[in-house]
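See structure below.
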Amino acid sequence: MPKLERLRADHAPALLAFERENRAYFARSISDRGDAYFTEFASRHRALLAEQDAGVSHFHVVVDEAGELLGRVNLVDAVAGSAVLGYRIGERSAGRGVATAAVAEVCRLAVSAYGLRALTAMTTLDNAASRAVLARSGFTEAGPVDIGGRPGVRFHRRLTASG
1 MPKLERLRAD
11 HAPALLAFER
21 ENRAYFARSI
31 SDRGDAYFTE
41 FASRHRALLA
51 EQDAGVSHFH
61 VVVDEAGELL
71 GRVNLVDAVA
81 GSAVLGYRIG
91 ERSAGRGVAT
101 AAVAEVCRLA
111 VSAYGLRALT
121 AMTTLDNAAS
131 RAVLARSGFT
141 EAGPVDIGGR
151 PGVRFHRRLT
161 ASG
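Read in order, the letters of the sequence shown are residues 1 to 163 in the UniProt record's numbering.
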């Protein structure tokens, strides 16, 4: 079963390889990160770690039993007891329950490790898989949102002691 690991400096090479391998796949459902993301990856990774150290965000990678990176799950803008959930699972792991398991685990961590009480998430209307993950994970639709010029839906979830 996949597990979450808090983002560390030594994840950088595998994370960059994962993002490169899945770039075209992700671009089919979300805005492309652009070439600068890849050329400036090392400094961006350091900035994410600093943001995490400051407690503003909580970044995780999803790995399998062999340690292979399958995806990432992030809680950003963690202020006043809430945060924004974001996740991306690689194409080879899509449709296997990895996203649902990772979101369930990060919801548990959001309460137990980070003291959060609510999460928000967003996805485009045409991303049925992501919408299904959020629905299975206890999120409810909270209204329309524009995501990079594409119509989307905002989701919300109140957290309890069990996640």
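For every residue, glycine included, the Cβ atom is placed at its ideal position computed from N, Cα and C.
Notebook entry, point to check: By how many angstroms is the C-alpha of residue 86 removed from the C-alpha of residue 79?
Noted result: Taking the sequence shown and counting its residues from 1, one reaches residue 79 at position 79. Taking the sequence shown and counting its residues from 1, one reaches residue 86 at position 86. Cα to Cα, residue 79 sits roughly 16 Å from residue 86.
Margin query: Three or more C-beta pairs under 8 Å: does that hold for the region 38-50 against the region 86-104?
Written below: The region 38-50 vs the region 86-104: no contact.
Next item on the list: Report the option in 54, 62 and 71 whose CA atom is closest to the CA atom of residue 25.
Entry: In the sequence shown, residue 25 corresponds to position 25, counting from 1. Checked all of 54, 62 and 71; the closest Cα to residue 25 is 71.
Margin query: Classify residue 115: buried if its beta carbon has 16 or more other beta carbons within 10 angstroms, exposed otherwise.
Written below: Here the question's residue 115 lines up with position 115 in the sequence shown. With fewer than 16 Cβ atoms within 10 Å of its Cβ, residue 115 is classed as exposed.
Item checked: Opening and closing residue of the beta strand (DSSP E) in which residue 60 lies -> Here residue 60 corresponds to residue number 60 of the sequence shown, with the count starting at 1. 58-63 is the span of the beta strand (DSSP E), which, as asked, contains residue 60.
Item checked: Cutoff 6 Å; reference residue 41; Cβ partners in own chain excluding five residues on either side -> Taking the first residue of the sequence shown as position 1, residue 41 is located at position 41. Closer than 6 Å at Cβ, skipping near neighbours: 16.
Notebook entry, point to check: For residue 153 versus residue 106, is the C-beta distance shorter than 9 Å?
Noted result: Taking the first residue of the sequence shown as 1, we reach residue 153 at position 153. Taking the first residue of the sequence shown as 1, we reach residue 106 at position 106. Contact flag unset, no.
Next item on the list: Alpha carbon to alpha carbon, how far is residue 3 from residue 166? Give it in angstroms, no decimals.
Entry: For the chain, the structure presents residues 1 to 163; residue 166 sits outside this window and is missing.
Check: From this set, 91, 84 and 93, which residue's C-alpha is nearest residue 157's C-alpha?
Finding: Your numbering for residue 157 matches position 157 in the sequence shown. Residue 157 has its Cα closest to that of 84, out of 91, 84 and 93.
Check: What does a CB cutoff of less than 8 Å around residue 159 pick up in its chain, not counting 5 residues either side in sequence?
Finding: Here residue 159 is taken as the residue at index 159 of the sequence shown, counted from 1. Hits under 8 Å: 107, 110, 111, 116, 117, 118 and 119.
Checklist line | Cβ-Cβ separation, residue 76 to residue 69 (assumed contact under 8 Å), whole Å | finding: The residue given as residue 69 occupies position 69 in the sequence shown. The residue given as residue 76 occupies position 76 in the sequence shown. Incorrect: roughly 19 Å between the Cβ atoms, too far for contact.
Margin query: Which runs of the alpha helix (DSSP H) at least 4 residues long sit entirely within the UniProt domain "N-acetyltransferase" (2-160)? Give them in chain order.
Written below: 12-21, 23-27, 35-39, 41-53, 98-112 and 128-136
Margin query: For residue 58 and residue 126, I'd like the C-alpha separation in whole angstroms.
Written below: Position 58 of the sequence shown, counting from 1, holds the residue named residue 58. Position 126 of the sequence shown, counting from 1, holds the residue named residue 126. Distance between the alpha carbons of residue 58 and residue 126: 27 Å.
Check: Can you name, in chain order, every residue of its own chain whose Cβ lies under 7 Å from the Cβ of residue 5, other than the five neighbours on each side?
Finding: Taking the first residue of the sequence shown as 1, we reach residue 5 at position 5. 60, 61 and 63, listed in sequence order.
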